[in-house]
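2 protein chains.
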Amino acid sequence: MTLDPTALPADLAAAAAEVEAYLATWLDRRPLPENLRSAIAHVLLGGGKRVRPYLTLRACAAVGGDAKRAMAAAAAMEMVHTFSLVHDDLPAMDDAPLRRGRPTLHVRDSEAMALLAGDALLSLAFELLADRIDSGELSGSLCGELAAATNDMIAGQVYDTLPDFPPDTPPMARLETIHRNKTGALIRCACRMGAICGDASADSLASITAYAEAVGLMFQVVDDLLDVTQTTEQLGKVADRDADHGKLTYPALIGLEASRAEINRQAQTALDALAPLGPPGDPLRRLCGWLAVRTR
Amino acid sequence: MTLDPTALPADLAAAAAEVEAYLATWLDRRPLPENLRSAIAHVLLGGGKRVRPYLTLRACAAVGGDAKRAMAAAAAMEMVHTFSLVHDDLPAMDDAPLRRGRPTLHVRDSEAMALLAGDALLSLAFELLADRIDSGELSGSLCGELAAATNDMIAGQVYDTLPDFPPDTPPMARLETIHRNKTGALIRCACRMGAICGDASADSLASITAYAEAVGLMFQVVDDLLDVTQTTEQLGKVADRDADHGKLTYPALIGLEASRAEINRQAQTALDALAPLGPPGDPLRRLCGWLAVRTR
Numbered sequence: 001m002t003l004d005p006t007a008l009p010a011d012l013a014a015a016a017a018e019v020e021a022y023l024a025t026w027l028d029r030r031p032l033p034e035n036l037r038s039a040i041a042h043v044l045l046g047g048g049k050r051v052r053p054y055l056t057l058r059a060c061a062a063v064g065g066d067a068k069r070a071m072a073a074a075a076a077m078e079m080v081h082t083f084s085l086v087h088d089d090l091p092a093m094d095d096a097p098l099r100r101g102r103p104t105l106h107v108r109d110s111e112a113m114a115l116l117a118g119d120a121l122l123s124l125a126f127e128l129l130a131d132r133i134d135s136g137e138l139s140g141s142l143c144g145e146l147a148a149a150t151n152d153m154i155a156g157q158v159y160d161t162l163p164d165f166p167p168d169t170p171p172m173a174r175l176e177t178i179h180r181n182k183t184g185a186l187i188r189c190a191c192r193m194g195a196i197c198g199d200a201s202a203d204s205l206a207s208i209t210a211y212a213e214a215v216g217l218m219f220q221v222v223d224d225l226l227d228v229t230q231t232t233e234q235l236g237k238v239a240d241r242d243a244d245h246g247k248l249t250y251p252a253l254i255g256l257e258a259s260r261a262e263i264n265r266q267a268q269t270a271l272d273a274l275a276p277l278g279p280p281g282d283p284l285r286r287l288c289g290w291l292a293v294r295t296r
Numbered sequence: 297m298t299l300d301p302t303a304l305p306a307d308l309a310a311a312a313a314e315v316e317a318y319l320a321t322w323l324d325r326r327p328l329p330e331n332l333r334s335a336i337a338h339v340l341l342g343g344g345k346r347v348r349p350y351l352t353l354r355a356c357a358a359v360g361g362d363a364k365r366a367m368a369a370a371a372a373m374e375m376v377h378t379f380s381l382v383h384d385d386l387p388a389m390d391d392a393p394l395r396r397g398r399p400t401l402h403v404r405d406s407e408a409m410a411l412l413a414g415d416a417l418l419s420l421a422f423e424l425l426a427d428r429i430d431s432g433e434l435s436g437s438l439c440g441e442l443a444a445a446t447n448d449m450i451a452g453q454v455y456d457t458l459p460d461f462p463p464d465t466p467p468m469a470r471l472e473t474i475h476r477n478k479t480g481a482l483i484r485c486a487c488r489m490g491a492i493c494g495d496a497s498a499d500s501l502a503s504i505t506a507y508a509e510a511v512g513l514m515f516q517v518v519d520d521l522l523d524v525t526q527t528t529e530q531l532g533k534v535a536d537r538d539a540d541h542g543k544l545t546y547p548a549l550i551g552l553e554a555s556r557a558e559i560n561r562q563a564q565t566a567l568d569a570l571a572p573l574g575p576p577g578d579p580l581r582r583l584c585g586w587l588a589v590r591t592r
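Going down the list, the sequences are from chains D and R. Mapped onto the working numbering, the consecutive letters of the first sequence carry residue numbers 1 to 296. Mapped onto the working numbering, the consecutive letters of the second sequence carry residue numbers 297 to 592.
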């Protein structure tokens, strides 16, 4: 399969709009102080590609389920992703002024509001799962997947920003630990929650999980690469922050060319994993191809 | 019933030790970066009265359940309470140097670590519920209770620290909204989760909920009162911070004597609510009496 950027899933924008509408409706109904609601809406409904909820919806369909059954899980996934962005952007972390081309929440409102809105987004994700999923059994299982992945993601942030590895840990092992947790865990969870909502067989869940793990690793290598090759304007956030902070990244560690080769290798692994699912896996295949070559 | 401080529940310290041991064992088994594990242990295993998990365990017994069945919920409750303390103490919020007589986490480690450890405590609470509770149905229901209460608590923090009430809201209505959310929601949730773990009937759950709502309101009035009447040394945290920040409190609004009367009124409401439960409710009755007169 050729990795072609024109193979962008045709339904990505429509799915993003559906997820945004679902989130807006749910947020509207939830009693909250109006300034907190406005802060959450600013970050949650501010556009974005919605790659993670797309993975949830399409993983559900790929295992033969009705994607509608995965909408609550997709929305919860986007809330947790947004929580992580809001807290990562705080002055004590990345101190980022821009996100998706708009002022970050602590710049728009205050540091206190960004802290509390992030906290609320995280717990609202679990509330949404409990509120919108009829089966207590399914909701409990999804809460478990989401909580474990969130903790792995937070662990990844600690490995990345407050590293505490044994001194003899090779740089590549450190980098893989960071990526597997920081980006990989949530992408893996997005796919698994979708498959679980679609009542996946054990084999199909394993296929989806293997796909997700490869895509997750690939995603972060692409992100590292974009950060050194794109301008701030192209990215909609301040570029080259990783180099500023002297962080461990793929391009810094193995160079641009080897990073590109790693992306292709992971993309192939992801596609191989999907083979048993047949045509229902096509949207996930196209997304993988596009993620491998995306420019922002 | 006389409200007598000597009626401190005899089993409070033992229950606290049991909860602490349970939390320590679970935390030990969960793979985490060692510096994150140490940060979490510093705040989670640093003593404290463990009033909320005690409420969970004793509410379970009060409705006829085996308190052991409520241990995971009690532990999750303490994690969410601790998350809220860690984030409340941050420089962007209360900027508190001390908690339970020890340095706060952002002072001991860093602001970034306090942010991330708080995030982890919140999501670990949900992971623990999913991990340790056999029934998916029960775990889903507890996740829903805990998530909703956490969001109410966060809303309470926003009402308290970033108030955005309509200008004609009377001060007492503001104060009650703050208290019901900020302190009340979690105390209510602690009791309800225990009762749910004990398979409470609808009537028993209603009794426990009414008890919890009165105790929650009383708890915060006592806290307000202690803050103006106790020294820093007695409290183990810096006293009179509320007055420093010009916050709305019961003593500031209605005076010391009326605040004490309000405490007695809420205590009586709580005891009345427990009447239908009979002797199994005794530990909750004693706790209510002690909370009404506690000095720290």
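Glycine is no exception: its CB is placed at the ideal position from the N, C-alpha and C atoms.
Of the residues Asp-523(R), Leu-549(R), Ala-510(R), Lys-543(R), the one whose Cα lies closest to the Cα of Leu-583(R) is Ala-510(R). Closer than 8 Å to the CB of Gly-551(R) there is not a single CB belonging to chain D.
Residue state for Pro-467(R) is assigned as helix, using DSSP reduced to three classes. Take the alpha-carbon of Ala-252(D) and the one of Arg-180(D): they are about 18 Å apart. Closest in alpha carbon position to Leu-162(D), among Leu-351(R), Asp-324(R), Leu-332(R), is Leu-332(R). Residue contact check for Asn-331(R) against chain D: a CB pair falls below 8 Å.
Under the 8 Å criterion on CB atoms, Ala-72(D) is classed as non-interfacial with respect to chain R. If you look at Val-228(D), you'll find it in the alpha helix (DSSP H) that goes 202-229. Taking all protein chains shown into account, Asn-151(D) has 16 or more neighbouring C-beta atoms within 10 Å of its C-beta and is therefore buried.
Close to chain R, meaning a Cβ-Cβ distance shorter than 9 Å, are the following residues of the stretch 130-142 of chain D: Ala-130, Asp-131, Ile-133, Ser-135, Gly-136, Glu-137, Leu-138, Ser-139, Gly-140, Ser-141, Leu-142. Following the DSSP letters along the chain, one finds Ala-369(R) inside the alpha helix (DSSP H) bounded by residues 367-384. Contacts with chain R (Cβ-Cβ distance below 8 Å) from the stretch 148-159 of chain D involve Ala-148, Thr-150, Asn-151, Ile-154, Ala-155, Gln-157, Val-158, Tyr-159, listed in chain order. Here Glu-127(D) is near Ala-443(R), since their CB atoms are less than 8 Å apart.
Chain order gives the chain D residues near Thr-457(R) as Ala-112, where near means a beta carbon separation below 7 Å. From the listed residues Ala-408(R), Thr-505(R), Asp-430(R), Ser-419(R), the smallest Cα separation to Asp-94(D) is found for Ala-408(R). By alpha-carbon distance to Ala-212(D), the top candidate from Pro-166(D), Leu-175(D), Asp-199(D), Arg-285(D) is Arg-285(D). Using a Cβ-Cβ cut-off of 9 Å, His-87(D) is close to Leu-411, Leu-412, Asp-415 of chain R, given in chain order. When only Cα atoms are considered, Leu-138(D) and Thr-525(R) end up about 50 Å apart.
The beta carbon of Ala-486(R) is closer than 6 Å to those of Arg-348, Leu-351, Thr-352, Met-373 in its chain, skipping five residues each way along the sequence. For Pro-579(R), the three-state secondary structure derived from DSSP is helix.
Ranked by how close their Cα comes to the Cα of Gly-574(R), the residues Arg-346(R), Ala-358(R), Ala-306(R) have Ala-358(R) in first place. Residue-level contact by beta carbon fails for Leu-23(D) and chain R, as no gap is shorter than 8 Å.
Asp-88(D) counts as buried, since at least 16 other C-beta atoms from the protein chains shown sit within 10 angstroms of its C-beta. Contact of Ala-92(D) with chain R by beta-carbon distance below 7 Å involves Glu-407, Ala-408, Leu-411. Contact between the stretch 102-120 of chain D and the stretch 215-222 of chain D is absent: fewer than three C-beta pairs spanning the two stretches fall below 8 Å. For the pair Leu-323(R) and Gly-397(R), the Cα-to-Cα distance works out to about 23 Å. Taken atom to atom, the span from the alpha-carbon of Pro-9(D) to that of Leu-121(D) is near 28 Å. Sequence-distant partners of Asp-223(D) (beyond 5 residues in either direction) whose C-beta falls short of 8 Å from its own C-beta, in its chain, are Thr-183.
Against chain R, the CB of Glu-213(D) has no partner CB under 8 Å away; the residue lies outside that interface. Chain R has no Cβ within less than 8 Å of the Cβ of Gly-194(D).
Counting only Cβ-Cβ distances below 7 Å, Gly-198(D) has no contacts in chain R at all, with the closest Cβ about 17 Å away. Within 7 Å of the CB of Leu-124(D), the CB atoms of chain R belong to Asn-447, in sequence order along the chain.
Bounds of the alpha helix (DSSP H) holding Ala-416(R) are 407-428. If you ignore the 5 residues before and after Leu-381(R), its C-beta comes within less than 8 Å of the C-beta of Val-339, Arg-395, all in its own chain and listed in chain order. Straight-line spacing of the CA atoms in Pro-170(D) and Asp-415(R) works out to 28 Å.
Taking a Cβ-Cβ cut-off of 8 Å, Asp-464(R) has no neighbours in chain D, whose nearest Cβ is about 15 Å from it.
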